[in-house]
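These notes concern the structure reproduced below.
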Amino acid sequence: MSVNDETPLREPQVRSGGVPLPMAPVPEPLGGVPGHGGEDPDMADGPDRRTVLKWMALAAAAPAVGGCAEPGSTSGGTAAAGGAAGTTDAAAATSPGVGNPLAAGTPWDPDLIAPRRHWDLVLSEDERAGLAVLCDVIIPADEVSPAASAVGAVDYIDEWVSAPYDGQRADLVLVRGGLVWLDRESETRFGEGRRFRDLTDAEKTAICDDICWIRRAAPEHRMAARFFAKMRDLTATAFYTTHEGMADIGYVGNTALARWEAPPAEVLRHLGLA
251 MSVNDETPLR EPQVRSGGVP LPMAPVPEPL GGVPGHGGED PDMADGPDRR TVLKWMALAA
311 AAPAVGGCAE PGSTSGGTAA AGGAAGTTDA AAATSPGVGN PLAAGTPWDP DLIAPRRHWD
371 LVLSEDERAG LAVLCDVIIP ADEVSPAASA VGAVDYIDEW VSAPYDGQRA DLVLVRGGLV
431 WLDRESETRF GEGRRFRDLT DAEKTAICDD ICWIRRAAPE HRMAARFFAK MRDLTATAFY
491 TTHEGMADIG YVGNTALARW EAPPAEVLRH LGLA
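Take the working numbering: the final residue in the sequence shown is number 524, and no numbers are missing along the way.
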């Protein structure tokens, strides 16, 4: 079982018999931190990780609004809708003064044409750098599309854990604690002064192998496995709701049809309509 072995997370071909993406909640709390991130043992022989990531991405991508790119972004696929870290108001995503006049511009009625972020980002640059490394272990670059960090996954996660809601505050504790754990585990296994971002790909994978499945993680790794499950969910959501991520899975959205083909005569006869 590995996060980056014979069945990588973003392999172009779909293979069967891989390790599925866990989605079921853990029934008991771990360390008093609420949230989800467990796995369903019944899925052990189910579809591979890439297939399940695509299922989740298709569900998440359907309501995406293409005109809501990050202000100042050079790519329409940037995941986060805010501006620079530490600001509470982002400028219009398109032209100055252009927005949705019917939207109140509040968190409950957001203006998706000229989006605003209503809270400060709280992660430090060092924490964001650590996040970027882990995001790219989960979804690395390949010949089809870029790595998760290249399309704004870190911005998305930073905005998510910075939100002033109970669930996101719990996620902030989990993410910050997990980043510290990764660095300490890296030093313990591979030498003093070595952080997770300093490791080779094989060394990063060795650590992630031990925390990529909550139900099979050693007791001392259960909380770290919960952190990894949360990071996997957030990274996949961030990546597969960008233009690059949608292109990776072939999602074309609401595409106009040049013409409408009538049902074949055979189908009409089968339905008793011909």
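We treat Cβ as the ideally placed atom computed from N, Cα and C, and that holds for glycine.
**OP:** For Ala475, collect the residues of the same chain with a Cβ closer than 6 Å to its Cβ; drop the 5 residues on either side in sequence, then sort them by chain order.
**Re:** On the sequence shown, position 225 is the one that residue 475 refers to. Excluding sequence neighbours, Ala475 sits near Ile461, Ile464, Ala467.
**OP:** Within 10 angstroms of the Cβ of Phe367, are there 16 or more other Cβ atoms? Answer buried if so, exposed if not.
**Re:** Translated into the one-based positions of the sequence shown, residue 367 becomes position 117. A quick correction: the sequence has Arg, not Phe, at residue 367. Flag for Arg367 reads buried.
**OP:** Give me the Cβ distance between Leu381 and Val401, rounded to the nearest whole Å; I'm assuming they're in contact under 8 Å.
**Re:** Position 131 of the sequence shown holds residue 381. Position 151 of the sequence shown holds residue 401. Incorrect: roughly 14 Å between the Cβ atoms, too far for contact.
Original post:
With Phe489 and Ala398 assumed to form a contact (beta carbons below 8 Å), what rounded beta-carbon distance in angstroms separates them?
Top reply: Locating residue 489 in the sequence shown gives position 239, counting from the first residue. Locating residue 398 in the sequence shown gives position 148, counting from the first residue. 5 Å between Cβ atoms; contact.
Original post:
If you run the structure through DSSP and keep just helix, strand and coil, what is Pro357?
Top reply: Within the sequence shown, numbered from 1, the residue matching residue 357 stands at position 107. Of the three classes helix, strand and coil, the one that applies to Pro357 here is coil, per DSSP.
**OP:** Using a threshold of 7 Å, state whether the C-beta atoms of Asn350 and Asp359 are closer than that.
**Re:** Start at 1 with the first residue of the sequence shown, and residue 350 comes out as number 100. Start at 1 with the first residue of the sequence shown, and residue 359 comes out as number 109. No, they are not a contact pair.
Original post:
If you follow the alpha helix (DSSP H) that Tyr490 is part of, which residue opens it and which one closes it?
Top reply: Walking along the sequence shown from the start, residue 490 turns up at place 240. Unbroken alpha helix (DSSP H) run through Tyr490: 472-490.
Subject >> Beta-carbon contacts of Gln418 that lie in its chain and below 8 Å, excluding the five residues immediately before and after >> reply: By one-based count along the sequence shown, residue 418 stands at place 168. Counting only Cβ-Cβ distances below 8 Å, and skipping sequence neighbours, we find Trp410, Val411, Ser412.
Subject >> Cys385 - DSSP class collapsed to helix/strand/coil >> reply: As a working note, residue 385 is residue 135 in the sequence shown. Cys385 falls in the helix class under three-state DSSP.
Original post:
If you run the structure through DSSP and keep just helix, strand and coil, what is Pro469?
Top reply: As a position in the sequence shown, residue 469 is number 219, starting the count at 1. It is helical.
Subject >> Burial state of Thr356 (16 or more Cβ within 10 Å) >> reply: Residue 356 sits at position 106 when you count from the first residue of the sequence shown. Exposed, since its Cβ has fewer than 16 Cβ neighbours within 10 Å.
Original post:
Near Leu422, which residues of its chain fall below 6 Å by C-beta distance, leaving aside the five closest residues on each side in sequence?
Top reply: For the purposes of this step, residue 422 is taken as residue 172 along the sequence shown, with counting starting at 1. Closer than 6 Å at the Cβ level, and outside the excluded window around Leu422, lie Val411.
Original post:
Considering Val425, what are the terminal residues of the alpha helix (DSSP H) in which it resides?
Top reply: Locating residue 425 in the sequence shown gives position 175, counting from the first residue. Its alpha helix (DSSP H) spans residues 416-440.
Original post:
In the structure shown, what three-state DSSP assignment does Ser323 receive?
Top reply: Your numbering for residue 323 matches position 73 in the sequence shown. Summary for Ser323: the model assigns pLDDT 43, below 50, so the residue's position carries little reliability, and this model does not support an answer.
**OP:** Kindly give me the distance between the Cβ atoms of Pro527 and Glu494, rounded to whole angstroms, as I take these residues to be in contact under 8 Å.
**Re:** Any question about residue 527 goes unanswered here, given that the chain covers just 251 to 524.
**OP:** Mind reading off the beta-carbon distance from Val394 to Asp498? Whole number of angstroms is fine, and I expect it under 8 Å.
**Re:** As a first step, residue 394 is located in the sequence shown; it is residue number 144 there, counting from the start. As a first step, residue 498 is located in the sequence shown; it is residue number 248 there, counting from the start. Right, the Cβ-Cβ distance comes to about 5 Å (below 8 Å), so this counts as a contact.
Original post:
Which residues mark the beginning and the end of the alpha helix (DSSP H) in which Glu494 is found?
Top reply: Against the sequence shown, residue 494 aligns to sequence position 244. Segment 493-499, the alpha helix (DSSP H) holding Glu494.
Subject >> Met477 vs Gly522 beta-carbon contact at 7 Å >> reply: Position 227 of the sequence shown, counting from 1, holds the residue named residue 477. Position 272 of the sequence shown, counting from 1, holds the residue named residue 522. The question names Met, but residue 477 is Phe in the sequence shown. Contact flag unset, no.
Original post:
If you count every other CB in all the chains shown that lies within 10 Å of the CB of Trp432, and 16 or more means buried, which is it?
Top reply: As a working mapping, residue 432 is identified with position 182 in the sequence shown. The sequence given here has Leu at residue 432, not Trp. The residue in question, Leu432, is buried, as its Cβ has 16 or more Cβ neighbours within 10 Å.
Subject >> Counted within 10 angstroms of its Cβ, other Cβ atoms place Tyr415 as buried (16 or more) or exposed >> reply: The sequence position of residue 415 within the sequence shown is 165, counting from 1. By the 10 Å Cβ count, Tyr415 comes out exposed.
Subject >> Residue burial classification, Val517 (beta-carbon count within 10 angstroms, cutoff 16) >> reply: Taking the sequence shown and counting its residues from 1, one reaches residue 517 at position 267. With fewer than 16 Cβ atoms within 10 Å of its Cβ, Val517 is classed as exposed.
**OP:** Could you check what DSSP says for Leu362 in three-state terms: helix, strand or coil?
**Re:** Working through the sequence shown from its first residue, we reach residue 362 at position 112. If DSSP states are grouped into helix, strand and coil, Leu362 belongs with coil.
Subject >> Asp408 and Leu371 closer than 7 Å at C-beta >> reply: For this step, residue 408 is matched to residue 158 along the sequence shown. For this step, residue 371 is matched to residue 121 along the sequence shown. Cβ atoms of Asp408 and Leu371: closer than 7 Å.
Original post:
So Ile527 packs on Met481, CB below 8 Å; how close in whole Å?
Top reply: It is not possible to answer for residue 527, since the shown part of the chain is limited to 251 through 524.
Original post:
Val220 by DSSP, collapsed to three states: which one?
Top reply: Outside the shown range of the chain (251 to 524) lies residue 220, about which nothing can therefore be said.
**OP:** Work out the CA separation of Gly500 and Arg472 for me, nearest whole Å.
**Re:** To locate residue 472, count along the sequence shown from 1; it is residue 222. To locate residue 500, count along the sequence shown from 1; it is residue 250. C-alpha separation (whole angstroms): 35 Å.
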